[in-house]
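Have a look at the structure below before the remarks.
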Amino acid sequence: MSAKWEKQEGNIGTLTIEVPAVEVDAAMDQAFKKVVKQINVPGFRKGKMPRKMFEQRFGIESLYQDALEIIVPDSYAKAIDDAGIMPVDYPEISGTENFVHGQDFTFTAQVTVKPEPKLGDYKGLEVSKLPVEVTDEEVDAQIQEQLARKAELEIKEDEAIVDGDTAVIDFEGFVGGEAFEGGKGEDYPLEIGSGSFIPGFEEQLVGVKAGESKDVVVTFPEEYHAAELAGKEATFKVTVKEVKTKVLPELNDEFAKEIDPEVEGVEALRAKIKEQTAEQKVAESDAALRDELVEKAAENAEFEVPAGMINSETDRMLQEFGQRLQTQGMNLDLYYQFSGQSEEDLRGQMKEEAESRVRVSLTLEAIAEAEKIEATEADIEAELEKMAAQFNMTKDQITGALGGTAVLENDIKIQKTVEFLVENAKITE
């Protein structure tokens with residue numbers, strides 16, 4: 002087998018593959034062994050029909066498609082290795098109509114290959130660090146969150162609902178005077194202001210007291226997940242059975258120790274929260290600086306991102322999104338139902354970020370190559386030890402789970418490349 006690679010415009014090229022007749026005949030033999038096991042012919046057990054009789058009855062051409070399915074993928078895989086190219090999408094195969102038993106076979110594959118970025122400026126890039134400052138208001142807000150988590154609900158005997166209260170309600174919804182499925186509930190605890198009900202519903206309960214009823218009129222959003230209700234006006238007959246209000250615990254030294262046993266009191270808690278918040282902001286500032294540097298380097302590089310790579314990255318993003326949904330007790334099908342979106346809609350929303358991710362990745366790879374940045378054995382060993390300690394596994398187990406060290410090696414190289422950009426940047430405070 003021989004292969005000839007001809008690069009064309011952009012990232013497209015043509016791979017011409019010549020397969021000798023001996024390999025064509027071998028593929029035909031494999032095809033016959035496969036097909037003969039699947040046919041029933043009187044007088045013969047499955048798989049025992051003679052080749053000559055098969056060809057007389059069905060024609061030798063009946064084996065061509067199966068033979069092509071054997072020879073094309075195998076020859077293509079060998080050809081891309083021989084040509085030293087890296088495809089990033091499925092090839093467009095042509096010339097299969099020329100396949101003939103006993104003859105050399107030539108076909109072509111139009112291939113989209115991994116682009117080679119023309120790097121622009123990536124050293125000396127100017128960026129500014131985000132200021133790191135923690136205000137007393139931010140500390141107070143975090144303490145209030147802690148108080149709210151420990152809050153208890155107390156019944157309000159004869160007071161109207163205000164924002165933040167929890168109303169225990171019975172309700173039933175009607176559209177055009179007809180009750181609709183899923184629009185009824187009893188003893189439902191609704192926190193006013195939580196935004197968990199249809200827009201406009203919760204606000205209309207403000208001022209209502211326990212024991213009172215009210216007709217709440219709302220309009221379902223146009224993108225509502227139930228198509229039969231989307232955009233329609235509905236009237237909910239609501240009875241408030243009970244009203245509860247949040248009572249926050251007292252902020253004192255005892256409460257502070259309950260939140261964090263390591264502190265001595267409120268002031269120590271405030272100091273620790275301030276310190277932790279500052280550390281978090283420093284990490285966020287550093288991450289933002291790195292992201293800006295990488296994005297600038299990618300913007301300065303010249304190359305076209307192939308559609309196949311964008312599609313593949315979108316596939317990965319969709320899979321990641323599905324995995325995040327599972328941790329929340331949901332899946333993609335339910336998400337499509339509730340959001341009113343389709344997979345095509347979601348992929349469309351992800352496309353721009355997917356292209357950006359690919360552009361950044363290819364740019365960093367090109368910078369690493371240009372600067373001869375590599376992951377050393379010591380780098381890999383140190384990362385394996387770190388991961389082994391983190392996951393309570395041996396280094397061999399980590400390597401086995403990763404399927405080798407290739408992925409780890411690439412990750413380290415990219416991390417070192419980002420650090421290279423930081424070290425060579427012009428950073429202002």
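Under the working numbering, the letters of the sequence shown match residues 2 to 430, in that order.
C-beta: ideal position from N, C-alpha, C; glycine also.
How many angstroms separate the CA atom of residue i from the CA atom of residue j?
i       : j       : result
Met-394 : Ala-407 : 19 Å
Met-54  : Tyr-91  : 38 Å
Glu-259 : Leu-148 : 11 Å
Gln-338 : His-226 : 6 Å
Gln-143 : Phe-221 : 35 Å
Ser-340 : Glu-224 : 7 Å
Ala-27  : His-102 : 10 Å
Glu-158 : Gly-196 : 25 Å
Gly-405 : Lys-387 : 16 Å
Val-133 : Phe-172 : 49 Å
Leu-420 : Gln-39  : First, the residue type needs correcting, since residue 420 is Glu and not Leu in the sequence shown. Distance between the alpha carbons of Glu-420 and Gln-39: 60 Å.
I need the boundaries of the alpha helix (DSSP H) containing residue i, first residue and last residue.
i       : result
Thr-364 : 344-371
Ala-376 : Premise fails: Ala-376 is in no alpha helix (DSSP H) and is neither H nor E.
Asp-75  : 65-84
Ser-286 : 267-301
Gly-309 : 308-328
Ile-428 : Counting along the chain, Ile-428 falls outside any alpha helix (DSSP H), though it belongs to the beta strand (DSSP E) covering 427-429.
For residue i, count neighbouring Cβ atoms within 10 angstroms of its own Cβ and tell me buried if that reaches 16, exposed if not.
i       : result
Met-351 : buried
Met-310 : buried
Leu-69  : buried
Ile-156 : exposed
Thr-377 : exposed
Glu-314 : buried
Glu-146 : exposed
Pro-88  : buried
Thr-113 : buried
In the DSSP assignment, find the unbroken beta strand (DSSP E) run with residue i in it and report its ends.
i       : result
Tyr-189 : 179-192
Gln-111 : 106-113
Ser-340 : No beta strand (DSSP E) contains Ser-340, which is instead part of the alpha helix (DSSP H) from 333-340.
Give every residue of the same chain whose Cβ lies closer than 6 Å to the Cβ of residue i, excluding the five residues on either side of it in the sequence, and list them in chain order.
i       : result
Ser-76  : Met-2, Ile-18, Val-20
Phe-202 : Val-217, Val-219
Ala-367 : Pro-118, Leu-120
Using 8 Å as the threshold, is the C-beta distance between residue i and residue j below it?
i       : j       : result
Lys-210 : Val-241 : yes
Gly-186 : Ala-180 : no
Tyr-189 : Ile-162 : no
Phe-304 : Glu-7   : no
Lys-282 : Val-73  : no
Thr-364 : Ala-298 : yes
Lys-238 : Val-140 : no
Gly-165 : Ile-193 : yes
Val-306 : Lys-233 : no
Glu-375 : Lys-414 : yes
Leu-294 : Val-423 : yes
Asp-261 : Leu-270 : yes
Leaving aside the five residues before and after residue i along the sequence, list all residues of the same chain whose C-beta is less than 7 Å from its C-beta, in chain order.
i       : result
Gln-111 : Ile-13, Thr-15, Pro-92, Glu-93
Glu-62  : none
What does a CB cutoff of less than 8 Å around residue i pick up in its chain, not counting 5 residues either side in sequence?
i       : result
Thr-107 : Thr-17, Ile-18, Glu-19, Val-20, Gly-96, Asn-99
Gln-9   : Thr-15
Leu-403 : Leu-409
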